[in-house]
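Enquirer:
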Amino acid sequence: MVMPTSRQSDAKKQAAMEFMAWMADNTLDWAQAGHIPSKTKIVDSAEFKALPYRSEYAKSAEYAHFYPRSLSLTGMIEVVQRELATMIAGDQDVNTTAANMQAGYQRLLDQKR
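The structure is reproduced here in structure tokens:
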């Protein structure tokens, strides 16, 4: 879960943190919809392991890699989505797609300097 930076009161921030903690502690229902809970105590529970396919799917989390923290991340994701969509639509080839992605990334990085 994410709590955006904002000018909310400390009481509202605390309430949001308490809600997120409650949500994370009660994600078995969420898991029944096919999601992997964020807390290992839920993933390790007998109830989660009894769900069909979930325990096998949860093992994939061992191979997950998260994006690094970057102010440019949102822009980079937009570059990837736009360029891949153009390629998949048949409007540009792989080499053009890769070159456009690299140029888009470089523009974002140059803006941060």
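When you line the sequence shown up against the working numbering, it's residues 86 to 198, in that order. The C-beta atom is built at its ideal place from N, Cα and C for all residues, glycine as well.
1. Give every residue of the same chain whose Cβ lies closer than 7 Å to the Cβ of Val28, excluding the five residues on either side of it in the sequence, and list them in chain order.
2. Pick helix, strand or coil for Asp201, following the three-state DSSP scheme.
3. Report yes or no: do three or more beta-carbon pairs, one from the segment 168 to 175 and one from the segment 125 to 143, lie closer than 8 Å?
4. How would you label Ala96, buried or exposed, when you count the other beta carbons within 10 angstroms and need 16 or more for buried?
5. Mind checking Ile127: buried by the 16 CB within 10 Å criterion, or exposed?
6. Check each candidate in Ser94, Met88, Ser155 and Ala101 and name the one with the smallest Cα separation from Lys197.
7. Expressed to the nearest angstrom, what Euclidean distance is found between the alpha-carbon atoms of Leu158 and Phe151?
8. Given a cut-off of 7 Å, decide if Ile121 and Ala146 are closer than it, judged by their beta-carbon atoms.
9. Measuring alpha carbon to alpha carbon, tell me which residue in Leu193, Ala116, Glu103 and Ser123 is nearest Pro137.
10. Quick check on DSSP: helix, strand or coil for Ile121?
11. Please report the residue range of the alpha helix (DSSP H) in which Met186 lies.
Expert: Well, looking at it:
1. Any property of residue 28 remains undetermined from this structure, which presents the chain solely from 86 to 198.
2. Outside the shown range of the chain (86 to 198) lies residue 201, about which nothing can therefore be said.
3. no
4. exposed
5. buried
6. Ser155
7. 11 Å
8. yes
9. Ala116
10. coil
11. Val179 to Gln196
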